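Per our numbering, residue 1 is the first one in the sequence shown, and the count goes up by one each step. Note that the Cβ used here is the ideal one computed from N, Cα and C, for glycine as well. Small disclaimer: the values here were computed from a predicted structure and weren't measured. Each remark here refers to the structure printed beneath this line.
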Amino acid sequence: MTQPGYDAMADLYAATFPSAYQFPIEQHAAAAFAEVVSGREGVTVDVGCGLGHVTADLVGRGLDVIGCDPSVMMLDHARRTYPDLTFIEGEATLATLPEIKIAALIARFSLIHVEPTQVAEVLKGWSERLTADTPVLIAFQASDEPGPPIQFDHAVAPAWRWHPDEFSRILRQRGFDEDWRIVYRDNSYRFPVGHLLAHRR
Ligand SMILES: C[S@@+](CC[C@H](N)C(=O)[O-])C[C@H]1O[C@@H](n2cnc3c(N)ncnc32)[C@H](O)[C@@H]1O
1 MTQPGYDAMA
11 DLYAATFPSA
21 YQFPIEQHAA
31 AAFAEVVSGR
41 EGVTVDVGCG
51 LGHVTADLVG
61 RGLDVIGCDP
71 SVMMLDHARR
81 TYPDLTFIEG
91 EATLATLPEI
101 KIAALIARFS
111 LIHVEPTQVA
121 EVLKGWSERL
131 TADTPVLIAF
141 QASDEPGPPI
151 QFDHAVAPAW
161 RWHPDEFSRI
171 LRQRGFDEDW
181 RIVYRDNSYR
191 FPVGHLLAHR
201 R
């Protein structure tokens with residue numbers, strides 16, 4: 001699951017996406033997530049944190065957050081931009097994460113890069129690691145076509161779009177129940193974008 005694409009493109013990516021959110025509703029989703037997590041014991045993990053902008057935004061909203069990403073170059077940017085925050089190298093499996101109490105997980109546009117056959121395994125690992133009621137927010141390029149994920153021509157790395165029902169189904173199978181979802185469409189972007197909040201059963 002290494003990310004040579006993001007390592008090679010990190011500088012361009014940082015120049016292209018200098019801020020945390022592309023559309024205002026993403027910020028509202030993050031704010032709603034922070035509200036749900038607020039007061040929970042433990043650390044929130046930003047899975048596939050990239051440049052760390054969202055990690056920092058959530059810290060600004062009062063959460064204790066660490067970022068985790070497999071791309072050393074993306075992490076290099078994150079660490080230089082936010083020297084006071086903690087970023088660790090690692091995959092969505094959380095295999096490299098120390099034994100900490102996890103308050104919540106947020107995975108924005110990172111599980112899209114995990115081969116669909118492996119996403120169920122990732123979620124199973126999360127399920128084993130998390131205690132009951134732990135919130136998980138996943139953001140992803142969405143598909144309107146029910147059924148399996150569809151690979152698309154992401155500029156940086158192999159990626160798949162998911163129908164929100166399919167993501168919800170696979171989450172349910174692995175021990176998570178959906179709380180809410182947002183699917184938004186913007187004329188300036190070619191795909192619908194999904195946010196799905198679920199919690200460990
Ligand atoms: C589109 S960027 C999103 C970054 C950040 N989450 C955000 O919302 O701005 C995708 C990130 O997912 C990371 N990624 C790719 N494959 C991953 C994997 N298997 N596990 C965790 N993160 C992964 C990439 O290195 C990259 O930093």
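- Counting along the chain, no beta strand (DSSP E) covers Gly-62, and no H or E run does either.
- DSSP, reduced to helix, strand and coil, places His-28 within a helical segment of the structure shown.
- As for any alpha helix (DSSP H) of minimum length 4 sitting wholly inside the segment 79 to 163, the runs are 116 to 129, ordered along the chain.
- Residue environment for Leu-12: exposed (fewer than 16 other C-beta atoms within 10 angstroms of its C-beta).
- Counting along the chain, the unbroken alpha helix (DSSP H) around Leu-12 starts and ends at 4 to 16.
- Our two residues, Val-193 and Ile-112, have alpha carbons roughly 11 Å apart in a direct line.
- Contact between Phe-191 and Gln-141 holds: their C-beta atoms lie close to 5 Å from each other, under 8 Å.
- In the DSSP assignment, Ala-20 falls outside any beta strand (DSSP E), carrying neither H nor E.
- Counting C-beta atoms within 10 angstroms of its own C-beta, Thr-44 has 16 or more neighbours from the protein chains shown and is therefore classed as buried.
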